[in-house]
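Chemist:
Protein chains: 2
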Amino acid sequence: MAGQRERARQAYIADITAEARRQLARDGAAGLSLRSVARELGMVSSAVYRYVASRDELLTLLIVEAYGDLADAVEAAIGGDDDGRVHWRSACASVRAWAVAHPHEYALLYGSPVPGYSAPQDTIGPATRLYAALVEPVRHRRGRRRPSTVTSPVLEADAERVAAALGFDVGAPVLLAALGAIASLFGLVSFELFGHTNNVITDHDAFFALRVEALADELGL
Amino acid sequence: MAGQRERARQAYIADITAEARRQLARDGAAGLSLRSVARELGMVSSAVYRYVASRDELLTLLIVEAYGDLADAVEAAIGGDDDGRVHWRSACASVRAWAVAHPHEYALLYGSPVPGYSAPQDTIGPATRLYAALVEPVRHRRGRRRPSTVTSPVLEADAERVAAALGFDVGAPVLLAALGAIASLFGLVSFELFGHTNNVITDHDAFFALRVEALADELGL
DNA sequence: CCACAGGCGAGAGCACTGCTCTTGAAATGT
DNA sequence: ACATTTCAAGAGCAGTGCTCTCGCCTGTGG
Chain A
9 MAGQRERARQ
19 AYIADITAEA
29 RRQLARDGAA
39 GLSLRSVARE
49 LGMVSSAVYR
59 YVASRDELLT
69 LLIVEAYGDL
79 ADAVEAAIGG
89 DDDGRVHWRS
99 ACASVRAWAV
109 AHPHEYALLY
119 GSPVPGYSAP
129 QDTIGPATRL
139 YAALVEPVRH
149 RRGRRRPSTV
159 TSPVLEADAE
169 RVAAALGFDV
179 GAPVLLAALG
189 AIASLFGLVS
199 FELFGHTNNV
209 ITDHDAFFAL
219 RVEALADELG
229 L
Chain B
9 MAGQRERARQ
19 AYIADITAEA
29 RRQLARDGAA
39 GLSLRSVARE
49 LGMVSSAVYR
59 YVASRDELLT
69 LLIVEAYGDL
79 ADAVEAAIGG
89 DDDGRVHWRS
99 ACASVRAWAV
109 AHPHEYALLY
119 GSPVPGYSAP
129 QDTIGPATRL
139 YAALVEPVRH
149 RRGRRRPSTV
159 TSPVLEADAE
169 RVAAALGFDV
179 GAPVLLAALG
189 AIASLFGLVS
199 FELFGHTNNV
209 ITDHDAFFAL
219 RVEALADELG
229 L
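Chains A and B supply the protein sequences, listed in that same order. Heads up: the first sequence begins at 9 in the working numbering, then just goes up one per residue. Heads up: the second sequence begins at 9 in the working numbering, then just goes up one per residue.
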């Protein structure tokens, strides 16, 4: 039955995070204040502490939501297609589109880590979903190119553990190449979003497309 | 002669940024407060506003210093060698080593952009030095692999403008590949430093080395 | 060499933040 | 009907960025 008090409590938390998310989208993480969230919700600042332990915890809630949101976007983008390269293109494009549409949320996820945040258990769910979707394309690779072999046994073990967790039967070299490509993808998006290519690249669309193809080449898609 | 008042002024600014840098290295950008800098320097908080207009400007000074520091490290790393691949390895390793040694400075440069910061003119000097050093290895490429051709004329113009500014005679495709590899490099370092590979990679050294080689392959080094 | 404008440090103060504690009311479960 | 728990509210503490005013004092221009 979930006790109606507990339900009211969850509703309050939902209201709080919703308002917090609005402020995050508008002013960025630095401009998010518990007091102004309370003000906007018509309560006094101390009341909101009944529902959220601290500002950092509120940010953590937003991080979890944002991960889920991004994972949703990527999963929706790689719909029915089973061509690895098309998969990869869609996935990359959806990450970039989401980042451009939600710059502050993106910065929260992939910018400087928030001080009091330590990747709680709630985060690894959506995060796993996201990276699973991004790694998915290599399932359909045509294997045109052999990735370099892995020389470190512990790294190979890492890769095999991850592959097993995702239910993938590609080898360690391919999976590590995919993880590397994902890091490259987020590096590319971060460079664009955080302004590191200002005065360098003006046609961001074309540069992004070019790099996505290059990464697809490396992955043998 | 530079007026002894002006010299004293510069010395004060140097003291302030030095103390600010100490606090940045210890507590991170979020924990840097103008008041505590003033306290540590034995002055009252309003006095420091004579030398630094705002907290954001102080952070900007730190950003410029950090860029210079990182550029120094990379330039020192790619010493006399003229083998492109060795160059690239040293450059990548020096970026990663600097990032690990100065995580908060790295986060300041490549994490979420600080709100009131707009890449002032002072930044582009050290930043250009840094990226010039990182692009340098492709000068000595053996050209084993042809990068994909560029289809966007404006992107090609971007690349040629940058190449001209750096005095490079490599073609647009190679320069764009190099810029992409740089973005990949920082994506990789950020992933490691910001904890996105926690519970995934344990042998960060090996993973980094693997990716550096893959990028070198793509660059034809 | 000297007057003085300008740079200077100090202090008070404003508006804001995160967070804690107490108090009294209201809802709850027995 | 009652005891317990949950709650909103308010006051309050310590800290922040930043502004303004007030004298002092010193380097600089005449």
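Backbone N, C-alpha and C define an ideal beta-carbon position, used for all residues, glycine too. Quick caveat, the model's predicted, so the values are computed rather than measured.
1. Should A:L78 be flagged as near chain B, meaning a C-beta pair shorter than 8 angstroms?
2. Is there a Cβ from chain A that is less than 8 angstroms from the Cβ of B:S198?
3. Check A:H148 in the structure and name its three-state DSSP category.
4. Rounded to whole angstroms, how far is the Cβ of B:V146 from the Cβ of B:V178, which I believe are closer than 8 angstroms?
5. What three-state label does DSSP hand A:I21 in the structure shown?
6. Given that a residue counts as buried once 16 or more other Cβ atoms are within 10 Å of its Cβ, and exposed if not, what is A:E73?
7. Under 8 angstroms, Cβ to Cβ, is there at least one residue of chain B near A:G228?
8. Measure the beta-carbon distance from A:L40 to A:A22 and round it to whole angstroms, keeping in mind my assumption that it falls under 8 angstroms.
9. Given 8 angstroms as the limit, is there contact between the segment 197–211 of chain A and the segment 49–66 of chain A, that is, 3 or more CB pairs closer than that?
10. When the cut-off is 8 angstroms and only beta carbons count, does B:G179 lie next to chain A?
11. Would A:I132 pass as an interface residue toward chain B - the criterion being a Cβ-Cβ separation below 8 angstroms?
12. Is the number of C-beta pairs between the segment 198–218 of chain B and the segment 109–121 of chain B that are closer than 8 angstroms three or more?
13. Runs of 4 residues minimum, wholly inside the segment 20–94 of chain A: which ones carry the alpha helix (DSSP H) assignment?
14. Leaving aside the five residues before and after B:L193 along the sequence, list all residues of the same chain whose C-beta is less than 6 angstroms from its C-beta, in chain order.
15. What did DSSP end up calling A:V158 once you bin it into helix, strand or coil?
16. Given A:A140, which residues of its chain have a CB within under 6 angstroms of its CB, disregarding the five upstream and five downstream residues?
17. Identify the continuous alpha helix (DSSP H) that holds B:R153 and give its terminal residues.
18. Less than 8 angstroms between the C-beta atoms of B:L142 and B:A167, yes or no?
19. What's the C-alpha gap between A:M9 and A:R30?
20. In whole angstroms, give me the CA-to-CA distance for A:P155 and A:E221.
21. Could you list the residues in the segment 166–178 of chain A with a C-beta less than 7 angstroms from some C-beta on chain B, going in chain order?
22. Whose C-beta lies closer than 8 angstroms to the C-beta of B:V56 among residues of the same chain, with five residues either side of it excluded?
23. Determine the contact status of B:I209 and B:F215, defining contact as a CB-CB distance below 8 angstroms.
Modeler: Once the coordinates are examined:
1. Along the first sequence, one-based indexing puts residue 78 of chain A at 70. For A:L78, the answer is no, since every Cβ of chain B falls outside 8 angstroms of its Cβ.
2. In the second sequence, residue 198 of chain B corresponds to position 190, counting from 1. Answer yes: the Cβ-Cβ gap between B:S198 and chain A drops below 8 angstroms somewhere.
3. As a working note, residue 148 of chain A is residue 140 in the first sequence. It is helical.
4. In the second sequence, counting from the first residue as 1, residue 146 of chain B sits at position 138. In the second sequence, counting from the first residue as 1, residue 178 of chain B sits at position 170. With a Cβ gap of about 6 angstroms, B:V146 and B:V178 count as contacting.
5. Translated into positions along the first sequence, residue 21 of chain A becomes position 13. DSSP places A:I21 in helix when its eight states are reduced to three.
6. Walking along the first sequence from the start, residue 73 of chain A turns up at place 65. A:E73 is buried by the Cβ-count criterion.
7. Here the question's residue 228 of chain A lines up with position 220 in the first sequence. Not an interface residue.
8. As a working mapping, residue 40 of chain A is identified with position 32 in the first sequence. As a working mapping, residue 22 of chain A is identified with position 14 in the first sequence. Going by Cβ atoms, the distance from A:L40 to A:A22 rounds to 17 angstroms, so no, they are not a contact pair.
9. no
10. Stepping through the second sequence from its first residue, residue 179 of chain B is reached at position 171. No, because no Cβ of chain A sits closer than 8 angstroms to the Cβ of B:G179.
11. Locating residue 132 of chain A in the first sequence gives position 124, where the first residue counts as 1. Yes - at least one Cβ of chain B is within 8 angstroms of the one on A:I132.
12. yes
13. 42–48, 53–56, 63–85
14. Looking up residue 193 of chain B in the second sequence gives position 185. Here the set comprises C100.
15. Stepping through the first sequence from its first residue, residue 158 of chain A is reached at position 150. In the structure shown, A:V158 sits in coil (DSSP, three-state: anything other than H, G, I, E or B).
16. Position 132 of the first sequence, counted from the first residue, corresponds to residue 140 of chain A. L174.
17. Counting from one through the second sequence, the residue named residue 153 of chain B turns up at place 145. No alpha helix (DSSP H) holds B:R153; DSSP gives it neither H nor E.
18. On the second sequence, residue 142 of chain B is found 134 positions in, with the first residue counted as 1. On the second sequence, residue 167 of chain B is found 159 positions in, with the first residue counted as 1. It is not a contact, given that the beta carbons lie outside the stated cut-off.
19. Along the first sequence, read from residue 1 onward, the residue named residue 9 of chain A stands at position 1. Along the first sequence, read from residue 1 onward, the residue named residue 30 of chain A stands at position 22. Note on A:M9: pLDDT 37, under 50, position unreliable in the model; no value is reported.
20. Taking the first sequence and counting its residues from 1, one reaches residue 155 of chain A at position 147. Taking the first sequence and counting its residues from 1, one reaches residue 221 of chain A at position 213. C-alpha separation (whole angstroms): 16 angstroms.
21. D166, V170
22. Here residue 56 of chain B refers to the residue found at position 48 when the second sequence is read from its first residue. These residues qualify, in order along the chain: I24, L42, V45, A46, L49.
23. Counted from its first residue, the second sequence places residue 209 of chain B at position 201. Counted from its first residue, the second sequence places residue 215 of chain B at position 207. Contact flag set, yes.
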